[in-house]
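Here the structure is laid out as structure tokens; the discussion comes afterwards.
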Amino acid sequence: MDIDMSRRNRKPRLLEEEEMDRLREYVDSIHYSARYSDDQYEYRHVQLPKDMLKKIPADYFDSAKGTLKLLWEQEWRSLGITQSLGWEHYEVHEPEPHILLFKRPLNYQPPVSQ
-9 MDIDMSRRNR KPRLLEEEEM DRLREYVDSI HYSARYSDDQ YEYRHVQLPK DMLKKIPADY
51 FDSAKGTLKL LWEQEWRSLG ITQSLGWEHY EVHEPEPHIL LFKRPLNYQP PVSQ
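The opening position of the sequence shown corresponds to residue -9 in the working numbering, with each subsequent residue numbered one higher.
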């Protein structure tokens, strides 16, 4: 289940301060699922408030699908999504485009800084 890099911005597009200000009112309403897993990954989904999608800049969206692009970590964190390290946005639940799917390897250990 590799990430389709063509569904991302070429490089992270960080939000401007005014764009972040428009999203702040929604941050406390973001819902995080419990974790679930298979033999390789643990998963969770993050449900954004539907009205929040209307405030996210257009270049975060995939015009062909009408959903958010697959977001780089810096992008989803700038939207106000907070999770521990190692999570990767790998899919958008197309029937409900406000639901973002995340995964990370089982037993993920963050790199040790020296």
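Just so it is clear, CB atoms sit at the ideal spot from N, CA and C, and this is done for glycine as well.
Span separating the alpha-carbon of residue i from that of residue j
i	j	result
D28	D41	32 Å
W62	K1	8 Å
E15	K44	13 Å
S74	Q30	18 Å
Y80	Q64	14 Å
Own chain residues within Cβ distance below 7 Å of residue i, not counting five before or after
i	result
I71	I20 and V36
E9	P47
Neighbour-count burial assignment, residue i, 16 or more Cβ in a 10 Å radius
i	result
Y98	exposed
Y22	exposed
E7	exposed
R94	buried
Residue nearest to residue i in terms of C-alpha spacing, selected from the options
i	options	result
L38	L4, E84, L90 and L5	L90
D18	L69, T57 and L96	L69
Presumed contact (8 Å Cβ cut-off) between residue i and residue j, rounded CB distance
i	j	result
L60	R(-2)	5 Å
R3	F92	With 8 Å as the limit, R3 and F92 do not qualify as a contact, their Cβ atoms being about 19 Å apart.
Proximal residues to residue i (C-beta, below 8 Å), its chain only, five neighbours per side dropped
i	result
L58	L43, I46, Y50, F51, D52, V82, P87 and L90
Close beta carbons around residue i, own chain, < 6 Å, minus the five adjacent residues each side
i	result
W66	H79
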